[in-house]
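Student: The structure under discussion is supplied below as structure tokens; questions concerning it will follow.
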Amino acid sequence: MRSEAAMQHHDLLSRTVSTDRDITLEALRVFTYLSRRLHFDRPVPVLQSELADALGMQRPNVNRAIKLLETKQILLRDSKLGRAITFRLNPELEGGRA
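This is the structure in structure tokens:
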């Protein structure tokens, strides 16, 4: 279960993402899906093929969405684990600024 502080930070991050005019619909869909799985303090493995299947998206669109979320420093890439890349939410992001 997430702590109260983590939930508040997650809410702030969600508002920041949803109001950022540079975030595409695909990136918003990927963020919404991943935000339920990812944490601020530890990386979680993510398969782009799993995301594409779950969201009914093409893999290149998922890849572009992830790259945008990384560029915006919303998602932090940690390492590779087999075929999966591990990500975590950026704990330093506040009000759209890291």
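Just so it is clear: in the sequence shown, position 51 is 51 by full-length UniProt numbering, and no numbers are missing. Each residue gets a CB set at the ideal place from its N, CA and C atoms; glycine is no exception.
In whole angstroms, what is the alpha-carbon distance linking I74 and G56?
Tutor: If you take the alpha carbons of I74 and G56, they lie about 22 Å apart.
Student: Is it buried or exposed, K67, if we count other Cβ atoms within 10 angstroms and call 16 or more buried?
Tutor: Looking at its Cβ environment, which holds fewer than 16 other Cβ atoms inside 10 Å, K67 is exposed.
Student: With 16 other CB atoms within 10 Å as the buried threshold, where does L54 fall?
Tutor: Correcting the residue type first, residue 54 is Ala in the shown sequence and not Leu. Classification of A54: exposed, given that the 10 Å Cβ count is below 16.
Student: Can you pull the DSSP bridge partners for K80?
Tutor: Answer is I85, bridged to K80.
Student: Output the boundary residues of the beta strand (DSSP E) element that contains P45.
Tutor: Run containing P45: V44 to V46, per the beta strand (DSSP E) assignment.
Student: Just tell me which of V30, L93 and D78 has its CA closest to the CA of P60.
Tutor: Comparing Cα-Cα distances from P60 to each of V30, L93 and D78, the minimum goes to V30.
Student: Judging by CA-CA distance, which residue of S79, V62, S35 and E50 is the nearest neighbour of L13?
Tutor: Looking at the Cα atoms, S35 is the closest of the given residues.
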